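Protein sequences, first through last, are from chains A and B. Just so we're aligned: the first sequence equals residues 130 to 666 in the working numbering. Just so we're aligned: the second sequence equals residues 1196 to 1583 in the working numbering. Here's the structure, in structure tokens; my notes come after.
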Amino acid sequence: MQATHTAGHAGDHHHDDHAHYPSGWKRWVTTTNHKDIGSMYLWFSFVMFLVGGAMSLIIRAELFSPGLQYVSPEFYNQMLTLHALIMVFGAIMPAFVGFANWMIPMMIGASDMAFARMNNWSFWLLPPAAILLTVSIFVPGGAAGTGWTLYPPLSVQMGIGMDMTIFAVHILGMSSIMGSINIVTTILNLRAPGMTLMKMPLFCWTWLVTGFLLIASMPILAGAVTMLLTDRHFGTTFFNAAGGGDPVLFQHIFWFFGHPEVYIIALPAFGVVSHVIPAFSRKHLFGYASMVYAIAAIGLISFFVWAHHMYVTGIPLTGQLYFMYATMLIAVPTGVKVFNWVTTMWRGSLTFETPMLFALGFLVLFTIGGLTGLVLAITAVDIQLQDTYYVVAHFHYVMVAGALFSAYAGLYFWLPKWTGHMYNEGLGKLHFWLSIIFFNIAFFPQHFLGLAGMPRRIPDYSQQFADFNVVSSVGAFGFGLSQLLVLIVVFQALKGGAKAGSRPWDGAHGLEWTVPSPAPYHTFEDPPAFNVAEAHT
Amino acid sequence: MSRDSNKNRHLNRLRLANAGLLAGMFGMLSGAANAAWQLNLQEPVTAAAKRVYDLHTLLTWIIFIIFAGVFAVVAYSLVFHRKSKGHQAADFHDNTTVELAWTIVPALILIAIAFPATSALVNMRDTSQPDLTVKVTGYQWKWGYEYLTGDAAGVKFMSVLSTPRDQIENKAPKGEHYLLEVDRPLVVPVGKKVRILTTATDVIHNWSVPAFAVKTDAVPGFLRDTWFRADKEGTYRGQCSELCGKDHGFMPVVVEVVSDEKYAAWVADQKQQMAAATDDPNKIWKLDELVARGEKVYTANCASCHQANGQGLPPVFPALDGSKIVKGPKEGHLDIVINGKPGTAMAAYGPQLSDTDIAAVVAYERNAWTNKLGEVIQPAEVKARRGK
Chain A
130 MQATHTAGHA GDHHHDDHAH YPSGWKRWVT TTNHKDIGSM YLWFSFVMFL VGGAMSLIIR
190 AELFSPGLQY VSPEFYNQML TLHALIMVFG AIMPAFVGFA NWMIPMMIGA SDMAFARMNN
250 WSFWLLPPAA ILLTVSIFVP GGAAGTGWTL YPPLSVQMGI GMDMTIFAVH ILGMSSIMGS
310 INIVTTILNL RAPGMTLMKM PLFCWTWLVT GFLLIASMPI LAGAVTMLLT DRHFGTTFFN
370 AAGGGDPVLF QHIFWFFGHP EVYIIALPAF GVVSHVIPAF SRKHLFGYAS MVYAIAAIGL
430 ISFFVWAHHM YVTGIPLTGQ LYFMYATMLI AVPTGVKVFN WVTTMWRGSL TFETPMLFAL
490 GFLVLFTIGG LTGLVLAITA VDIQLQDTYY VVAHFHYVMV AGALFSAYAG LYFWLPKWTG
550 HMYNEGLGKL HFWLSIIFFN IAFFPQHFLG LAGMPRRIPD YSQQFADFNV VSSVGAFGFG
610 LSQLLVLIVV FQALKGGAKA GSRPWDGAHG LEWTVPSPAP YHTFEDPPAF NVAEAHT
Chain B
1196 MSRDSNKNRH LNRLRLANAG LLAGMFGMLS GAANAAWQLN LQEPVTAAAK RVYDLHTLLT
1256 WIIFIIFAGV FAVVAYSLVF HRKSKGHQAA DFHDNTTVEL AWTIVPALIL IAIAFPATSA
1316 LVNMRDTSQP DLTVKVTGYQ WKWGYEYLTG DAAGVKFMSV LSTPRDQIEN KAPKGEHYLL
1376 EVDRPLVVPV GKKVRILTTA TDVIHNWSVP AFAVKTDAVP GFLRDTWFRA DKEGTYRGQC
1436 SELCGKDHGF MPVVVEVVSD EKYAAWVADQ KQQMAAATDD PNKIWKLDEL VARGEKVYTA
1496 NCASCHQANG QGLPPVFPAL DGSKIVKGPK EGHLDIVING KPGTAMAAYG PQLSDTDIAA
1556 VVAYERNAWT NKLGEVIQPA EVKARRGK
């Protein structure tokens, strides 16, 4: 059945290798090609990364020393809100959707995504949402200054910037839902004959589970912000005790989305690393089946732990206990993944090109973030650390050193396939070392600040916190500036450089390495034969 | 040879020093509460906080050991399993025994952690049989304290940041307790179980004192509770721990734990002050004395949004200088001060301020800046507008 269907699908397409597309801007606006759309996602994500990064530097400049220096407290609140929203929805998520677009069809031997036109629309929803978010700084009252969690009643007090944020979240949610339906359908239906689910590349597995997480959680976020909108403008009182509502209800709904969201970001990152580490260890991934089960378990459990973000809201003792135990449970499948990566390297034949360096950076720092997550899971301890810089340090280890480093690993890994040129290895390594050193200077001291009791989301602090904040700000600026290197690397590779063969990494397996570099505009118009040598198991 | 062994000894010493440093970095040093470069939790002064402190120390050791174990293996691979050293890749990719072991062993470690974690938490949530109860109300951006039971029952006051604006704006050197000082701290007796009820009037705040391991949201329209029993006299400082708008970073919590004698004296003093401070509601005020008092009320309650110069921060915090409401009929002006404006940051000051204070601040606003209306507002007029 599978084979017939796939073959039939491929047969509908033109059987030539020449690209037929309009030139200039029309190519990009009208494109239905997964490679073009993947590139647009990645460029969009990088631009948003720079915008969100600039905001974080405004934050770190203000925190360089005690006292109010550069920005007002209300503008500071807007910056920390937009920094988070832009980084989560504008930078990290689109980056991995970009990877999915580029790589999943090539990994499974499909000619394109299942819904090519919808793919175009999924992408083109993003720029308007990004414009709404960033322009909201300039409207009367400024952007939302509530933190990315948008908790009412504070969010009910905000100006029109809040409505723009709500609308942006709606649009981003639509884009994500369409994108994930597309990816799930592609993975389930367009695999090359012979590629069973348990022979599928692990990146596809992580995206399959992520797709379901998105489809299940995004509508919940949309519901939460819609209720916020009607509370703000249409007289409902979902979150207002005076009308029989409850502000904490919002937090339950938000985090029912928000916790799966963490894994929506983390799982594809796991997927990328699960390709890079075996390639540069010149071994097969250890424990493929247990990796798949761990991904599925993490995805499932992520729906049942949301109130660990709410230990201090006054949820009952039994609730705190349940959510503590459930959260601790997540450590088990996460540990399995880390152990599998470590064992994949064991007795391998290791080399340390830039993708491997970033994957190793991911492994070390993500593990630190995961272990501090275990500390935070313990309710009694979390009560001390909730809303302090310890939490800020924890999630930046997971989000930046986890997701971002994994994205860089993927970028350097696949850049030769995309451009047909090898990137500048020296610059890539410099980028890695500057990133990992400055990242730790920026974020490791924040653990100490949090333990000492410094609350997050404050523009000014008492003097006992001054020393570590100086260190952290210096690290943040160093980290921010080092990220510009990647721009140079990518432009160089686009312009020229050593020619990349179809398989530039001798340890890499998968159908994507059987097509020439750069990958032609159309690949696998006829489903390829799936050769067991290319399988990950 | 001997030079080599010397070098080795030296290296070993260095390694030891590094290990010590690492142990320190992972939170084994207990710094003094206000020390710079503090690496660990604040020194606990309640039994509950001590348990949290010990639990955190235990967890930090566990994660440190796991981390060290896992990355010792990685480090070995990175050094010895390199292609540049000619290492050939082995071919293995499954081992059911090993995989089961590293699923089950972490699960057992987690179960072991769950026991102390559960008992510490159950203890923290037991608010029964307190010696005294204080209701804490979060406002944008200050705390209100009201003693509900005990000797001080009936005592209530606002607790506002006392750090001068000049220090925040870097125009004056910062004091020792910069941003962690208030005009009137919460005062409680040492060794007594204090139950704290939290609520809020506007948005969610969070009442937090790290030395007590207490951190509880103050949710508008609901009550939450927590407790502490401080073993040591002293002044303990915390901050609002839930983003509550513009001045979230400027509403500290300060608790003074005092001896029973000092507490009794403080209670007596508070009751006397409250009696003395009660204004004669029928007093007829003159414009200049009313405006002088109103300016103080304005500075304490209104200036953070509407600004000392009355220009506000439009559009969220409107200007009062030349405002239609301020220059309009005084009933409208009084109503908005007494009842607030729902859906905005304008709180209802009726429950917070006395008739005299409301009369004074409204009179001040109607006569300050360019609003020279020359009107006097008497406390009796405020009383008449209440509930309308």
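We treat Cβ as the ideally placed atom computed from N, Cα and C, and that holds for glycine. Bear in mind the structure is a predicted one, so any value in this text is a computation, not a measurement.
| Below-8 angstroms beta-carbon distance, A/Phe468 vs any chain B residue | As a position in the first sequence, residue 468 of chain A is number 339, starting the count at 1. By the rule that beta-carbons nearer than 8 angstroms mark a contact, A/Phe468 touches chain B.
(Q) Which complete alpha helix (DSSP H) runs does the region 496-564 of chain A hold, if anything under 4 residues is left out? (A) Qualifying alpha helix (DSSP H) stretches, in chain order: 508-514, 518-527 and 534-548.
Just the Cα atoms here: how many angstroms apart are B/Lys1387 and B/Asp1426?
Along the second sequence, read from residue 1 onward, the residue named residue 1387 of chain B stands at position 192. Along the second sequence, read from residue 1 onward, the residue named residue 1426 of chain B stands at position 231. Rounded to whole angstroms, B/Lys1387 to B/Asp1426 spans 8 angstroms at the Cα level.
Following the continuous beta strand (DSSP E) through A/Ser602, name the residue where it begins and the one where it ends.
-> In the first sequence, the residue the question calls residue 602 of chain A occupies position 473. Where A/Ser602 is concerned, there is no enclosing beta strand (DSSP E), although the alpha helix (DSSP H) it sits in stretches over Ala595 to Ser611.
Let me see if you follow: with CB-CB separation under 8 angstroms, is A/His413 close to chain B or not? Counting from one through the first sequence, the residue named residue 413 of chain A turns up at place 284. Answer yes: the Cβ-Cβ gap between A/His413 and chain B drops below 8 angstroms somewhere.
ask   = Within the 8 angstroms Cβ cut-off, does B/Val1383 reach chain A?
value = Residue mapping note: residue 1383 of chain B aligns to position 188 of the second sequence, counting from 1. B/Val1383 has a beta carbon lying at 8 angstroms or more from every beta carbon in chain A.
B/Val1449 versus B/Asp1455, B/Cys1435, B/Lys1457 and B/Ala1498, residue with shortest Cα-Cα distance: Counting from one through the second sequence, the residue named residue 1449 of chain B turns up at place 254. Nearest C-alpha to B/Val1449: B/Cys1435.
Query raised in the report: By the criterion of Cβ-Cβ separation under 9 angstroms, what are the contact partners of A/Phe597 in chain B?
Result: Within the first sequence, the letter at position 468 stands for residue 597 of chain A. Here the neighbours are Ala1231, Trp1232 and Gln1233.
* By Cβ distance below 8 angstroms, which residues in the same chain neighbour B/Val1453 in space, the five residues on each side in sequence not counted? -> Taking the second sequence and counting its residues from 1, one reaches residue 1453 of chain B at position 258. Excluding residues within five positions, the ones whose Cβ falls inside 8 angstroms are Val1382, Val1383, Pro1384, Val1385, Glu1428 and Trp1461.
Alpha carbon to alpha carbon, how far is A/Met236 from A/Thr315? Give it in angstroms, no decimals.
Counting from 1 along the first sequence, the entry for residue 315 of chain A is found at position 186. Counting from 1 along the first sequence, the entry for residue 236 of chain A is found at position 107. A direct Cα-Cα distance of roughly 11 angstroms separates A/Thr315 from A/Met236.
- Query: Quick one: is A/Trp231 buried, meaning 16 or more other Cβ sit within 10 Å of its Cβ, or exposed?
  - Reply: Taking the first sequence and counting its residues from 1, one reaches residue 231 of chain A at position 102. It counts as buried.
According to DSSP, B/Asp1455 sits in a beta bridge with which residue or residues?
Along the second sequence, read from residue 1 onward, the residue named residue 1455 of chain B stands at position 260. DSSP, once it has assigned bridges, lists no residue as partnering B/Asp1455.
In the DSSP assignment, the alpha helix (DSSP H) including B/Gly1333 goes from what residue to what residue? Working through the second sequence from its first residue, we reach residue 1333 of chain B at position 138. Where B/Gly1333 is concerned, there is no enclosing alpha helix (DSSP H), although the beta strand (DSSP E) it sits in stretches over Leu1327 to Tyr1334.
Taking 8 angstroms as the threshold (beta carbon to beta carbon), is A/Tyr454 in contact with chain B? Position 325 of the first sequence, counted from the first residue, corresponds to residue 454 of chain A. In terms of beta-carbon proximity, A/Tyr454 lines the interface with chain B, with at least one pair separated by less than 8 angstroms.
Problem set entry | Within-8 angstroms CB hit, A/Ser265 to chain B | Taking the first sequence and counting its residues from 1, one reaches residue 265 of chain A at position 136. At a cut-off of 8 angstroms between beta carbons, A/Ser265 makes no contact with chain B.
Measuring only between beta-carbons, confirm whether B/Thr1322 sits less than 8 angstroms from chain A. The sequence position of residue 1322 of chain B within the second sequence is 127, counting from 1. No, no contact with chain A.
Check your understanding: What residues of chain A sit near B/Asp1426, judged by a beta carbon separation below 8 angstroms?
Key -> Here residue 1426 of chain B corresponds to residue number 231 of the second sequence, with the count starting at 1. Per Cβ cutoff of 8 angstroms: no residues; B/Asp1426 is ~17 angstroms from chain A at best.
Test: A/Leu500 CB closer than 8 angstroms to a CB of chain B: Your numbering for residue 500 of chain A matches position 371 in the first sequence. Chain B, which has a Cβ nearer than 8 angstroms to the Cβ of A/Leu500, makes this yes.
For the region 178-196 of chain A, enumerate the residues whose C-beta is nearer than 7 angstroms to any C-beta of chain B, in chain order.
Contact annotation: in the region 178-196 of chain A, residues whose CB is within less than 7 angstroms of a CB in chain B are Pro195 and Gly196.
Next item on the list: Measure from the alpha carbon of B/Ala1472 to the alpha carbon of each residue in B/Asp1552, B/Ala1270, B/Val1389 and B/Trp1232, then state which is nearest.
Entry: The count along the second sequence starts at 1 and reaches residue 1472 of chain B at position 277. The residue with the shortest Cα to Cα distance from B/Ala1472 is B/Asp1552.
Mind checking which residues open and close the beta strand (DSSP E) that includes B/Asp1420?
Taking the first residue of the second sequence as 1, we reach residue 1420 of chain B at position 225. Per DSSP, B/Asp1420 is one residue of the beta strand (DSSP E) stretching across Arg1419 to Phe1423.
(request) List the residues of chain A whose Cβ lies closer than 7 angstroms to the Cβ of B/Arg1277, in chain order. (result) As a position in the second sequence, residue 1277 of chain B is number 82, starting the count at 1. The contacting residues are Leu479.
Worksheet item: Excluding sequence positions up to five away, which residues of its chain have a Cβ less than 8 angstroms from the Cβ of A/Leu186?
Response: Start at 1 with the first residue of the first sequence, and residue 186 of chain A comes out as number 57. Counting only Cβ-Cβ distances below 8 angstroms, and skipping sequence neighbours, we find Ala605, Phe606 and Gly609.
Practice task
Please go through the same chain and pick out, in chain order, the residues whose beta-carbon is closer than 8 angstroms to the beta-carbon of A/His299, but skip the five residues on each side of it.
Solution key: Numbered from its first residue, the first sequence carries residue 299 of chain A at position 170. Within the same chain, and ignoring the five residues on either side of A/His299 in sequence, the residues whose Cβ sits closer than 8 angstroms to its Cβ are Ala351, Val354 and Thr355.
Q) B/His1400 lies in the beta strand (DSSP E); which residues open and close that run? A) Stepping through the second sequence from its first residue, residue 1400 of chain B is reached at position 205. Counting along the chain, the beta strand (DSSP E) containing B/His1400 begins and ends at His1400 to Val1404.
- Query: According to a CB-to-CB cut-off of less than 9 angstroms, which residues of the region 575-605 of chain A neighbour chain B?
  - Reply: For the region 575-605 of chain A, the beta-carbon criterion of a distance under 9 angstroms to any beta-carbon of chain B is satisfied by His576, Phe577, Leu578, Leu580, Ala581, Gly582, Met583, Pro584, Arg585, Arg586, Ile587, Pro588, Asp589, Tyr590, Ser591, Gln592, Gln593, Phe594, Ala595, Asp596 and Phe597.
Quick one: is A/Phe267 buried, meaning 16 or more other Cβ sit within 10 Å of its Cβ, or exposed?
-> Residue mapping note: residue 267 of chain A aligns to position 138 of the first sequence, counting from 1. The residue in question, A/Phe267, is exposed, as its Cβ has fewer than 16 Cβ neighbours within 10 Å.
*asked:* Give me the subset of the region 1300-1319 of chain B whose CB atoms are less than 8 angstroms from a CB atom of chain D, sorted by chain position.
replied: As a matter of chain content, chain D is missing from the structure shown, whose protein chains are A and B.
Can A/Thr456 and A/Ala506 be called in contact, C-beta distance under 8 angstroms? In the first sequence, the residue the question calls residue 456 of chain A occupies position 327. In the first sequence, the residue the question calls residue 506 of chain A occupies position 377. Yes, these two residues count as a Cβ contact at 8 angstroms.
* Asked: Closest to B/His1400 by CA distance: which of B/Val1389, B/Phe1407 and B/Phe1417 is it?
  -> For this step, residue 1400 of chain B is matched to residue 205 along the second sequence. Minimum Cα-Cα distance from B/His1400 among the listed residues B/Val1389, B/Phe1407 and B/Phe1417 corresponds to B/Phe1417.
task: Just mark A/Arg156 as buried or exposed, buried being the case when its beta carbon has 16 or more other beta carbons within 10 Å.
output: Within the first sequence, residue 156 of chain A is the residue found at index 27, counting from 1. Burial call: exposed.
* Within chain B, partners of A/Trp634 - CB distance below 7 angstroms -> As a working note, residue 634 of chain A is residue 505 in the first sequence. Residues of chain B whose Cβ lies closer than 7 angstroms to the Cβ of A/Trp634 do not exist, since the nearest Cβ in that chain is about 12 angstroms away.
Review point. In the DSSP assignment, what are the bridge partners of B/Ser1354?
Key: Position 159 of the second sequence holds residue 1354 of chain B. In the DSSP output, where bridge partners are listed per residue, B/Ser1354 has B/Trp1338.
Residues near A/Met293 in its chain [Cβ-Cβ closer than 6 angstroms; skip 5 each side]: Counting from 1 along the first sequence, the entry for residue 293 of chain A is found at position 164. Same-chain partners within the cutoff: Leu261 and Ser265.
query = To which residues does DSSP link A/Phe385 through a beta bridge?
reply = Taking the first residue of the first sequence as position 1, residue 385 of chain A is located at position 256. According to DSSP, which records beta bridges pairwise, A/Phe385 is partnered with nothing at all.
### Message
Against chain A, does B/Glu1585 count as a neighbour if the rule is that its beta carbon must be under 8 angstroms from one of theirs?
### Response
The shown model of chain B, from 1196 to 1583, leaves out residue 1585 of chain B, and the question about it has no answer.
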